[in-house]
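First comes the structure, then the notes that go with it.
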Amino acid sequence: MDVRRRSHRATRLLALALAGSLLAGCNGIDTSVTPAPTSSGTSEPSGPDTSTSGDRPSEPNLPPVPDKPSDLSAAQSNPVEDSYYPHRGEPYLDTLHYDLALDWKPSTKTLTGKAKITFRVTEQRTDVQFDLGSPLTVNATTLDGKPVTSSRGDSVLKIATGTLDKGSRHELVVDYSGTPAPVPAPSERSDQDEGLGFTVSPDGTAWTMQEPFGAFTWYPVNDQPADKAFYDATLTAHEGTKGVFNGRPGPEKVTGETSVRRFHLDQPASSYLTTVAFGEYALLTDKGPRDLPLFYWYRPDRSDRTRVVDGLKKSPEILTWLEKYLGPYPFATGGSLMVPSDSAMETQTMNTMGDSTANQREYFLPTLAHEYAHQWVGDVISPVDWRDVWLNEGLALFLQAKYEDHAGFSPYEMTMSGYRSMEPGLRRQSGPPGKYDKDDFAASNVYVCGAVMYDRMATAYGDKFWAALKTWPSVKKYGNVTRDDLIKHFSDKIGVDLKTWITTWLESETTPTQEPPAA
């Protein structure tokens, strides 16, 4: 997630205003990357991009998507009770695969869903509980092919399973329907006033933003970051609309005004990294580094469609630039989805971008870079616990500042000087980045304080820092990481014990004055 749609813009302007001079940089890496040609110089994006507002681009010819993975072992997780939001998710539940069938009717604002969930239990159980929004009605439940009794609580679904042995694997099928509704966010961010989860516009357009939780508003789920699972989804959209989900899209089947499409996500994802949208969408395909398939979903009837498409087509260049810092892009597909929101989110393989982020090019492209950076730091490795959201956001903002310099929007040292000036006040306002106020989730402190920490490390250790950063996303690839994992990795790669320094930085109520220890 980018720094508060509106508040980040204010943050950047303040950062620039506070920076009285351009400081000489010692960044330890060459940032003068030659921009890659559009589509890596291999082909132009398919589908027209110069039509007038309201034209309908032709549908790209897409191959069928892969079937459900036969080996689910890569999704085996070790969930824990989240220390910040323990009311969401169950620590004994390890979901391995979700196969979702979602049917959305915009005129009645009705979602009809069937969720096939493969899961295992990490302890002996006689019942299991999934998060599921209270507005949704459960019509039927089966476990391993047999009907089972279910009951509802406050946004939960409880299944009477009979005895399940520790480590045993099962398949639960839930048929449900209703009009989903977002839930309040534990945050004071202006862009989260719209709430978390499935959100519906007056015209029936639907989308979701759901960090730190909210996936449960549209499907039954173990809604916590420590539980990753594979996903496949079949979306049915009516009245001339289309459905969009993470990952690789298959061919569209159209009957009258009804669209059906299958999607496949190639690696396990935490629930907060899933996305869905229904609306009048067009699909533009592109190629990134090494012919990486990129998919851009946008609404062709918008007056700003040309500016949006031009910005999205910078994705190959942005990804090529990020690979210099983070290594090869870690997924089989990439892209972005535009939705009527003020926020933006690093949903896995398919960033969910609020329309307002595209209002200005100098804001849209850095926001895209921020969310694409999260594909490495946040998606391929995700936090075990929401206490460590700074693991995602500090690095993404640090790299965003580097990109803003690279792309000519804002000199890096000017931006960082402003962040250093703001950092003490953010600790006073929202707490230290590693012990933030749980009722002010993802405030600017976890971004700015984290970015300044990485800037200090980059200045102190130069090439050793950049080498450690480039291998960090591979430490527990497609899994979950903790603060201790980061401390061990950077300490080992740099050759100095960073535990005391990083812990102090993350937990101090005031900005620490100590420099990183000498290597």
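Under my numbering, the first residue of the sequence shown carries the number 9, and numbering increases by one thereafter. Idealized CB from N, CA, C, for every residue including glycine.
Any idea if residue i is buried or exposed, counting beta-carbon neighbours within 10 angstroms, 16 or more meaning buried?
| i | result |
| --- | --- |
| S91 | exposed |
| R298 | exposed |
| N147 | exposed |
| K507 | exposed |
| G264 | exposed |
| G544 | A question about residue 544 goes unanswered here, because the residues of the chain that appear run from 9 up to 527. |
| R436 | exposed |
| K295 | buried |
| K154 | exposed |
| S40 | The predicted model places S40 with a pLDDT of 30, which falls under 50 and marks its position as unreliable, so this point remains unresolved. |
| S351 | buried |
| D231 | buried |
| P77 | buried |
| W509 | buried |
| S311 | exposed |
| P45 | A caution first: P45 carries a pLDDT of 33, below 50, which makes its placement in the model unreliable, though a value can still be read off. Exposed: under 16 other Cβ atoms inside 10 Å. |
Let me check understanding here. Comparing Cα to Cα, which of the options lies closest to residue i?
| i | options | result |
| --- | --- | --- |
| D318 | V456, T328, F372 and L300 | F372 |
| R307 | G287, F449 and D231 | G287 |
| T116 | G97, R428, S163 and P188 | P188 |
| A381 | S482, Y469, Y337 and H414 | Y337 |
| S390 | E219, A459 and S78 | E219 |
| K113 | R464, P520 and V208 | V208 |
| T118 | D173, A214 and A193 | A214 |
| N86 | V191, P99, P259 and S142 | P99 |
| R128 | D111, P259 and S81 | S81 |
| P74 | K472, N359 and H272 | H272 |
| T171 | A466, F498, E131 and M9 | E131 |
| E502 | S516, W480 and A527 | Just to set this straight, residue 502 is Ile in the shown sequence, not Glu. Residue A527 is the option with its Cα nearest to I502. |
| S364 | V397, G342 and R315 | R315 |
| D173 | G222, E196 and L101 | L101 |
| T518 | G141, P441 and T293 | P441 |
| G161 | T150, P143 and G205 | P143 |
Between which two residues does the beta strand (DSSP E) containing residue i stretch?
| i | result |
| --- | --- |
| R269 | T266 to S278 |
| Q137 | R133 to D139 |
| W394 | Counting along the chain, W394 falls outside any beta strand (DSSP E), and DSSP gives it neither H nor E. |
| T360 | N359 to G362 |
By the three-class DSSP mapping on this structure, what secondary structure does residue i have?
| i | result |
| --- | --- |
| A189 | coil |
| C92 | It should be pointed out that residue 92 corresponds to Tyr in this sequence rather than to Cys. Looking at Y92 - three-state DSSP - the assignment turns out to be coil, as it is neither helix nor strand. |
| T149 | strand |
| T213 | coil |
| K496 | helix |
| E515 | helix |
| W226 | coil |
| N400 | helix |
| W509 | helix |
| L407 | helix |
| S85 | coil |
| T60 | Note that T60 scores 41 on pLDDT, short of 50, meaning its location in the model is unreliable; the coordinates nonetheless yield the value given after this. Coil, per DSSP. |
| H414 | helix |
| S176 | coil |
| A245 | strand |
| V565 | What is shown of the chain runs 9 to 527, which leaves residue 565 out entirely. |
| V208 | strand |
| M9 | coil |
| L144 | strand |
| A526 | coil |
| R528 | This structure cannot settle anything about residue 528, because the visible part of the chain is limited to 9 through 527. |
Below 8 Å on the Cβ atoms is my contact criterion, and I expect residue i with residue j to pass it. Report the Cβ-Cβ distance as a whole number of Å.
| i | j | result |
| --- | --- | --- |
| L7 | E67 | Limits of the chain in this structure are 9 at one end and 527 at the other, which puts residue 7 out of reach. |
| R428 | P524 | That pair is no contact at about 15 Å. |
| A340 | D274 | 4 Å |
| E370 | E354 | Incorrect: roughly 20 Å between the Cβ atoms, too far for contact. |
| S279 | V347 | Their Cβ separation, rounded to whole angstroms, is 18 Å, which puts S279 and V347 out of contact at 8 Å. |
| A277 | D393 | Not quite, the Cβ-Cβ distance comes to about 17 Å (not below 8 Å), so this is no contact. |
| W329 | Y411 | 7 Å |
| T242 | A109 | 5 Å |
| A258 | R270 | Note on residue identity: the sequence assigns Gly, not Ala, to residue 258. 4 Å between Cβ atoms; contact. |
| R7 | T169 | Here the chain has residues from 9 to 527 only, and residue 7 is not among them. |
| F406 | Y462 | 4 Å |
| L140 | S163 | 7 Å |
Between which two residues does the alpha helix (DSSP H) carrying residue i extend?
| i | result |
| --- | --- |
| K113 | Element bounds for K113: not the alpha helix (DSSP H) but the beta strand (DSSP E), L101 to K113. |
| T282 | Where T282 is concerned, there is no enclosing alpha helix (DSSP H), given that its DSSP letter is neither H nor E. |
| A381 | R369 to W384 |
| T490 | Unbroken run through T490: none, as it is neither H nor E. |
| R315 | R313 to L320 |
| V504 | Per DSSP, V504 belongs to no alpha helix (DSSP H) and is neither H nor E. |
| M424 | Y420 to S438 |
| A450 | Per DSSP, A450 belongs to no alpha helix (DSSP H) and is neither H nor E. |
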